[in-house]
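Trainee: Dropping the structure in here first, questions after.
2 protein chains.
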Amino acid sequence: MAERRSVRRSSRGGDNVTVQDLADAAGVSIASVSRALNNSVKVSDDVRRRVRDAADRLGYVPHAAARALASQSTHTIGAVVPTLENPNFAIGVEALQKRLTQAGYTLFVASCGYDMDQERQQVETLVTRGVDGIMLVGALHSTGLNDFLRSRNIPFVDTWVMSGDPRVPSVGFDNMAAAIQMTDFLLDLGHKNFGVIAGVTKSNDRAIARVKGIRKALKARGLPLKQERLIERPYRIVDGQLAMRALMTEKNRPTAVICGNDVLAFGAMLECQRQGIKIPGEVSIVGFDDLDFASQLVPPLTTINVPADKIGEAAADYLLAAIENRPNLLAPQISVNLIVRGSTAPPPDRPT
Amino acid sequence: MAERRSVRRSSRGGDNVTVQDLADAAGVSIASVSRALNNSVKVSDDVRRRVRDAADRLGYVPHAAARALASQSTHTIGAVVPTLENPNFAIGVEALQKRLTQAGYTLFVASCGYDMDQERQQVETLVTRGVDGIMLVGALHSTGLNDFLRSRNIPFVDTWVMSGDPRVPSVGFDNMAAAIQMTDFLLDLGHKNFGVIAGVTKSNDRAIARVKGIRKALKARGLPLKQERLIERPYRIVDGQLAMRALMTEKNRPTAVICGNDVLAFGAMLECQRQGIKIPGEVSIVGFDDLDFASQLVPPLTTINVPADKIGEAAADYLLAAIENRPNLLAPQISVNLIVRGSTAPPPDRPT
DNA sequence: TTGAAAGCGTTACCAG
DNA sequence: CTGGTAACGCTTTCAA
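Protein chains in written order, with this note's numbering: chain S, 7 to 358; chain U, 7 to 358.
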């Protein structure tokens, strides 16, 4: 038994304290040490105390890999988001992580740059890592991804969307409905001449759904969305600016511009400020997300509030419940709200 | 041998394919399978091919925990940042992750909310996880953190700072020097009346160093920084606004306001816009970080460019090198630059 | 180049 | 309640 230690291959300096060491120090079996450490019920207070003491004294640090191997559970969760540069996802991941930490889980984070193949790649890596659950963004994944995860019995949850399919748990909201609500709001204000600055719709079902919603709402009032009035751009300020510039060079300027998110809207507003175009006097601008700056802009931005932190927390709760086989709370629906602020008003009195 | 499988405790559905299975399928020993899978040189092409085929056919997914346990290396890195809500850190983490993925490493992310105790907690969790390296932000940690990591032989790197101590590897820059440069710039412009909106300095050595730099530069010109001219606030837009409001209510308004970062500066600018205070006509405002919106604001913000992505990449490179015992590249120094834009100008002609 | 076998640090089952 | 011990899935000597 003493031999055990000397045989170690360990190259690391700080000869790690093992359960075996604690057992020796506390004068109990390693089985008892394990039980004591894991708050198992079947341990006498005495043993528990002695083990805890030894652990503190020797500076014991559990070995997660060994634990995972033996228990078949890593207490680890993975998240794959398009990019952390979008504050929305950063906030969501942050909230997810906080919740997981509370529950004793650790989070792997990976980004895929809005690319389904990369997402698949990252997911496979996470599976190799033995994650107990995975958070994904959107419902649009590489073919077979869902089945792959299901076949391996790994709980996962789509976020920022609301899937119709009950087999696919999701924590989010109906992007199309939100876009419709926003468009209807502008329509009710009297706007008839629209411009849209959307996010890149490739591999992005949130962006797709939002454009679809806008189209649908307009169509319902007999207003088609002309090709040149729909500009698709990455979610960056400068792209919002350029898109707005393009939109405003037309002879028949739109009186309302719907942006795929607040970042794009911010860019659009800056362009107006630069050109001296009055908001909302000449053009109404709306965003999506309600990032912290939205309410502070001049004028403050009308947008859809998306509680990214709530999404992250709910995703954590769902995953944790699924992992522990708790009666699965119905995938919580996140409510998003139209926040009307100063960037919108009825269209100016001129023939459109 | 057949017995082995039936004894499994595995509760999971998707009976995972093991090295043993591949060995059976390929008709070789598990040792050979391991070698074939790990690109070991000592394998015949034939064996390699057969193993690879079997792996593909059976859908083999390696088991990281087992691999870690056997090889004493997890191919895992941990990062602890104050918060992902600060775009700077989000960008840094994103870059770190990308680089690590390329190298076959997976990233654990944790945030500590600018709290050293939480940071310590997170680090210990990561150590339990067996991470091969850790990225930290700042050089100010809970007492003994560095020794703890060193004693366990875990490479770590401080970021966003430049440590004097060569025993503490860091990837960053000299915050104080940058602040001095910025202050000198304003001083050279003719400003004598300063206001400072700093980040919360508790547990934040970047914020501390920046304030120190400002103080030092002012002092060198015989200008003290009065208590009421230094406002410390969390890094949020609204805090920048409120702080600016407080600064501008004084009878003797500052002609230059130095902000701890761009977010605070943005808030300060918004407040001026709201009050109709001209920038830079009446007051010059500067930030720190050069976030993407800085160059787009009206007027564009004078600030210090901090390449967060470079920091993340360099941190990854350093950690990887340290882990693989490669001749440690000297901790790379990140160069930050003063970016002069429209938010700064000489002070107005009035007695200050 | 290949195979056999000894671990890696824990957990969990089974007796006692 | 406690101890002994067989896994967990893989890597890595050590011989052949």
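All C-beta atoms, glycine included, are put in the ideal place defined by N, C-alpha and C.
Alpha carbon to alpha carbon, what distance is there between U/GLY98 and S/ARG73?
Mentor: 31 angstroms
Trainee: At the 8 angstroms Cβ level, is U/HIS69 part of the contact set with chain S, yes or no?
Mentor: yes
Trainee: Closer than 7 angstroms by C-beta to S/ALA213: which residues in its own chain qualify, once you throw out the five before and the five after it? Chain order, please.
Mentor: ALA204, GLY205, VAL206, THR207 and GLY266
Trainee: May I ask you to report which of helix, strand or coil DSSP gives U/ASN181?
Mentor: In this structure, U/ASN181 counts as helix in the three-state DSSP scheme.
Trainee: Let me make sure I understand the geometry here. Which of U/ALA32, U/GLY287 and U/PRO305 has the alpha-carbon closest to that of U/GLY293?
Mentor: U/PRO305
Trainee: Between the C-alpha atoms of U/VAL174 and U/PRO161, what's the straight-line distance to the nearest angstrom?
Mentor: 10 angstroms
Trainee: Beta carbon of S/VAL86, beta carbon of S/VAL57: below 8 angstroms?
Mentor: no
Trainee: Quick one: residues in its chain with C-beta nearer than 6 angstroms to the C-beta of S/ALA32, no 5 flanking neighbours on either side, listed in chain order?
Mentor: ARG56, VAL57 and ALA60
Trainee: Quick check: is the beta carbon of U/ARG41 nearer than 8 angstroms to any beta carbon in chain S?
Mentor: no
Trainee: Excluding the 5 residues flanking U/ARG221 on each side, which residues of the same chain have their C-beta closer than 7 angstroms to its C-beta?
Mentor: Result list for U/ARG221: LEU231, in chain order.
Trainee: Closest to S/VAL167 by C-alpha separation, out of S/MET250, S/LEU146 and S/LEU344, would be which residue?
Mentor: S/LEU146
Trainee: Can S/THR82 and S/VAL163 be called in contact, C-beta distance under 8 angstroms?
Mentor: no
Trainee: Note down the Cα distance separating U/GLY20 from U/TYR66, rounded to an integer number of angstroms.
Mentor: Confidence at U/GLY20 is low in this model, with a pLDDT of 45, below 50, so its placement is unreliable and no value can be given for it.
Trainee: If contact means a Cβ-Cβ distance below 8 angstroms, which residues of the stretch 123 to 138 of chain U contact chain S?
Mentor: GLN128, GLU130, THR131, LEU132, VAL133, THR134, ARG135 and GLY136
Trainee: Listing by chain order, which chain S residues have their CB less than 7 angstroms from the CB of U/VAL244?
Mentor: GLN302
Trainee: Which two residues bound the contiguous alpha helix (DSSP H) that contains U/PHE294?
Mentor: In the DSSP assignment, U/PHE294 falls outside any alpha helix (DSSP H), carrying neither H nor E.
Trainee: For U/GLU9, I'd like the list of residues in its chain whose CB is within less than 8 angstroms of its CB, leaving aside the five on either flank, ordered along the chain.
Mentor: Here U/GLU9 scores only 33 on pLDDT, less than 50, and its place in the model should not be relied on; the value that follows carries that caveat. Counting only Cβ-Cβ distances below 8 angstroms, and skipping sequence neighbours, we find nothing.
Trainee: Using three-state DSSP, classify U/GLU319 as helix, strand or coil.
Mentor: In the three-state DSSP reduction, U/GLU319 falls in the helix class (H, G or I).
Trainee: Among the candidates U/ASP153, U/LEU132 and U/PRO338, whose CA atom is the shortest distance from the CA of U/SER169?
Mentor: U/PRO338
Trainee: Would you please verify whether the beta carbon of U/GLU100 is less than 8 angstroms from any beta carbon of chain S?
Mentor: yes
Trainee: Count the other CB atoms, across all protein chains shown, that sit within 10 Å of the CB of U/GLU91; report buried if there are 16 or more and exposed otherwise.
Mentor: Buried, since its Cβ has 16 or more Cβ neighbours within 10 Å.
Trainee: By DSSP's criteria, S/GLU238 is part of a beta bridge. Which residues make up the other side?
Mentor: S/ALA204
Trainee: Take U/LEU224 as the anchor and find which of U/ALA185, U/LYS257, U/ASN210 and U/ARG259 has the nearest alpha-carbon.
Mentor: U/ALA185
Trainee: Does any C-beta atom of chain U lie closer than 8 angstroms to the C-beta of S/MET7?
Mentor: Note that S/MET7 scores a pLDDT of 31, beneath 50, so its modelled location is shaky and nothing firm can be said.
Trainee: Within this structure, are the beta carbons of U/VAL289 and U/ALA262 separated by less than 8 angstroms?
Mentor: yes
Trainee: My parser needs the alpha helix (DSSP H) runs of 4 or more residues fully inside the stretch 70 to 138 of chain U; what are they?
Mentor: 70 to 77, 93 to 108 and 122 to 134
Trainee: Does the Cβ-Cβ distance between U/ARG242 and U/PHE200 come in under 8 angstroms?
Mentor: no
Trainee: Using the beta-carbon count (16 or more within 10 Å), is S/SER17 buried or exposed?
Mentor: Per-residue confidence for S/SER17 stands at a pLDDT of 33, beneath the threshold of 50, marking its modelled position as unreliable; no derived number is given.
Trainee: Looking at the strands, I want to know which residues DSSP matches up with U/PHE162.
Mentor: U/ILE140
Trainee: Given a cut-off of 8 angstroms on the beta-carbon distance, is the pair U/THR89 and S/GLU100 in contact?
Mentor: Closer than 8 angstroms, so yes.
Trainee: Could you tell me the boundaries of the alpha helix (DSSP H) in which S/LEU270 lies?
Mentor: 268 to 281
Trainee: Could you have a look at S/GLN302 and say whether DSSP puts it in helix, strand or coil?
Mentor: coil
Trainee: For U/ARG280, go through chain S and note every residue whose CB falls closer than 8 angstroms to its CB, in chain order.
Mentor: VAL304
Trainee: Would U/GLN26 pass as an interface residue toward chain S - the criterion being a Cβ-Cβ separation below 8 angstroms?
Mentor: no
Trainee: Terminal residues of the continuous alpha helix (DSSP H) containing U/THR255?
Mentor: 243 to 255
Trainee: Are the CB atoms of U/GLN247 and U/GLY273 within a distance shorter than 8 angstroms?
Mentor: yes
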